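In our numbering, the protein residues as written are 142 to 496. Quick notes on the structure that follows.
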Amino acid sequence: MLAWSIVALSGLWASVNGAQDASNAVTTTIVTRVLPERLALAYAAIMNGAGAMFGLVSVAFLHLSLVRVVGVPEALFDEPRTLGLALACGLSTAIVCLLIGWWRGIPLSGWVTTLASLVGAFAGALADVRQLGGIALLFIPVFIGPLLGFALSFLLTRAVSGLQSKRRLTAETVRWTQTLTAGLVAFGHGLSNIRLPLGIVVVAFAGLGEQGTLGSHPPGPESDGSLGHLLSSHAGMAALPLWIAVLLSSAMALGTFMGGREIVRTLGRRLTDLTVSQGLAAETSTAALLYTVSVWLGFPMSSSFTIVGSIVGSSLATSKKSVAWQVFGRIALWWILTPLACAGLAWGTVVLALP
């Protein structure tokens, strides 16, 4: 039952993450009226779901390490029930925090929220917390993203404005290109973020499957029969039922279609009043960094954090007074406090749940 609960929680996480991060792809297209809201959300949902499905294929064929994605300490593999409990508590905490951010109109990172929750859950389950050093390093590229997005978007906005002033770039071209880059952000989000729930499910499948919870799978001729083999290569995907993979990608697409109207208003109206050229620069910067850092280099990257940095950079490129710094400060405060709250809540939940 514990493993099945983790599968269900992973599907719910994928849906909530899609709803929370839908704004990353469609905020600029909605507030600049390049696309109607429902059409923009449907477009983002299709691209997000397609990216998630492609991400599942890339994990299977590129032999990506799912343990590295989730950051599970090796000591927990010797205690299957404790591992499953920690994963369930971490996922539950992340879902609650993401839903609160979605309700309050705050763009939160699925990566940061979930990794912080898992750190807290693993800390509550481990006797030696020094084993968590590896997962803590995953936060570094996530927080660098907004800075890179700010710088790149600032430069791109200046470049686009210069081309428009010389009439080398028409308004129609800018609108069409913005729609294209919004789709690329949605596709890249699915491609990158599907690895987290997928990794958690495969870890749970491997750690609990030997007890018959999901059924054990005999090792192939090239396997040494260990959990390490199952978790460190495409063998984990081979043992994973296809319907689970389809469930995760479909849940992410469905959540995206639900959208995050309050987050769209926060980014596109309260934080700043975006123009079409600024929206193009912000989406292009986010897409470029998402594909470079997360897809190509394989590091976790928050599209939520990056789009905020990109929007601020594009706004400051045209006017120093165009950013509502009080709103930005509130967003930044949520970014700082949410991981701490997630880690503490997950830690307390695991400590109370363990005998």
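Glycine is no exception: its CB is placed at the ideal position from the N, C-alpha and C atoms. These numbers come from a predicted model, not from an experiment.
- For residue 189, the closest of 444, 426 and 302 by C-alpha to C-alpha distance is 444.
- Three or more beta-carbon pairs drawn from the region 391-408 and the region 149-167 are found closer than 8 Å, and the two stretches are therefore classed as touching.
- Ranked by Cα distance from residue 425, the options 289, 483, 414 and 303 are led by 289.
- Using a Cβ distance threshold of 8 Å, residue 459 and residue 294 do not count as a contacting pair.
- Residue 324 and residue 160 do not touch by the CB rule: their CB atoms are close to 18 Å apart, not below 8 Å.
- Taking the Cβ atoms as the reference, residue 432 lies roughly 5 Å from residue 329, within the contact range of under 8 Å.
- The three-state reading of DSSP puts residue 282 in helix, counting H, G and I together.
- Here residue 336 carries a helix assignment [DSSP, helix/strand/coil].
- Taking C-alpha positions only, residue 405 is separated from residue 430 by approximately 21 Å.
- When the alpha-carbon of residue 408 is set against those of 225, 231, 232 and 246, the nearest one is in 246.
- In this structure, residue 235 places its C-beta atom within 8 Å of the C-beta atom of residue 258.
- Ranking 163, 388 and 266 by CA distance to the CA of residue 496 puts 266 first.
- Uninterrupted beta strand (DSSP E) stretches at least 3 residues long and entirely within the region 150-176 do not occur.
- Counting only runs of 4+ residues, the alpha helix (DSSP H) found wholly inside the region 376-426 occupies 376-380, 383-399 and 402-406, in chain order.
- When the alpha-carbon of residue 280 is set against those of 260, 264 and 299, the nearest one is in 260.
- The region 474-481 makes no contact with the region 306-321; the number of CB pairs closer than 8 Å stays below 3.
- The beta carbons of residue 335 and residue 197 sit about 6 Å from each other, so the pair counts as a contact at 8 Å.
- Inclusion of residue 195 and residue 304 in the CB contact set at 8 Å is not warranted, their separation being larger than that value.
- In the DSSP assignment, residue 440 falls outside any alpha helix (DSSP H), carrying neither H nor E.
- Around the CB of residue 177, fewer than 16 other CB atoms lie within 10 Å, so the residue is classed as exposed.
- Cβ contact annotation for residue 389 (same chain, cutoff 8 Å, sequence separation greater than five): 151, 152, 155, 193, 197, 335, 338, 339 and 342, in chain order.
- Going by DSSP, residue 309 is part of no alpha helix (DSSP H) at all; its letter is neither H nor E.
- Assigned with DSSP and collapsed to three states, residue 180 falls in helix.
- A check of alpha carbon separations from residue 142 across 345, 387 and 174 identifies 345 as the nearest.
- Residue 472: member of the alpha helix (DSSP H) spanning 466-494, first to last residue.
- In this model, residue 217 and residue 320 are separated by some 45 Å (Cα to Cα).
- The Cβ atoms of residue 454 and residue 291 lie closer than 8 Å to each other.
- Of the candidates 456, 316 and 434, the residue whose Cα lies closest to the Cα of residue 411 is 456.
- Excluding its 5 nearest sequence neighbours in each direction, residue 428 has C-beta neighbours in its own chain below 8 Å: 322, 325, 326 and 329, listed in chain order.
- Separation of the CB atoms of residue 441 and residue 213 is rounded to 15 Å, and the pair is thereby denied contact status at 8 Å.
- Leaving aside the five residues that flank residue 228 on each side, the residues in its chain whose CB is nearer than 6 Å to its CB run, in chain order, 147, 341 and 345.
- Taking each of 484, 414, 480 and 418 in turn and checking the Cα distance to residue 464, the smallest one comes out for 414.
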